[in-house]
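Undergrad: Questions regarding the structure given below will be posed in turn.
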Amino acid sequence: MLEIKSIEPNQVRDNCLKERIKEASSCKTTEYIAFMNGVEAGFLSLEYWASTSSACIYEIYVLPEYKEKGIGKELLTFAEKKAIQLECNYIQLIPHPLDSNTKLHKLISWYEKHGYKKDNTSNEYWIKSLF
1 MLEIKSIEPN
11 QVRDNCLKER
21 IKEASSCKTT
31 EYIAFMNGVE
41 AGFLSLEYWA
51 STSSACIYEI
61 YVLPEYKEKG
71 IGKELLTFAE
81 KKAIQLECNY
91 IQLIPHPLDS
101 NTKLHKLISW
111 YEKHGYKKDN
121 TSNEYWIKSL
131 F
């Protein structure tokens, strides 16, 4: 069973996830951990931008032993639902591989499959309209 919940960085047990959170978090982000059967399996860093009615995914990371189990997709869907709850018009991100096993073109293809499109006003951002 997969459960996603907000967590304070100092509550994370897995050293790899601790490091990812340290890299991705800021005073404005909210961090979420995905638990698979009660064990930490992945991480999401999300920020809400009230001034533009948008949200930004800073990072989605799934531990190697939990990849290909749908956790990344669940974290992405969770972020989108949170953004909708906050009445965001769109959600954005900058695709960037977090390990040497993930190729950028495959990551971009994965986001495209989930409805993200290159932002015409930016060289880096990919966006998804939520309404």
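Letter by letter, the sequence shown follows residues 1 to 131 of the UniProt record's numbering.
Built from N, CA and C at the ideal position, the CB exists for glycine as well.
Among Pro95, Met1 and Phe43, which has the Cα closest to the Cα of Ile108?
TA: Per the Cα distances, Pro95.
Undergrad: In chain order, which alpha helix (DSSP H) runs of at least 4 residues are fully inside the UniProt domain "N-acetyltransferase" (1–131)?
TA: If we require 4 residues or more, the alpha helix (DSSP H) runs fully inside the UniProt domain "N-acetyltransferase" (1–131) come out as 15–24, 71–85 and 104–113.
Undergrad: So, do the stretch 43–53 and the stretch 81–89 have three or more beta carbon pairs nearer to each other than 8 Å?
TA: yes
Undergrad: From Leu63, Asn15 and Thr29, pick the residue whose C-alpha is nearest to that of Ile57; which is it?
TA: When each option's Cα is compared against that of Ile57, the closest is Thr29.
Undergrad: When you compare only the Cα positions, how much space is there between Trp61 and Lys22?
TA: It should be noted that the sequence gives Tyr, not Trp, for residue 61. Their backbone Cα atoms lie some 13 Å apart in a straight line.
Undergrad: Counting only the same chain and skipping the five closest in sequence on each side, list residues whose C-beta sits under 7 Å from that of Lys118.
TA: For Lys118, where only same-chain residues beyond five positions count, the Cβ hits under 7 Å are Trp126.
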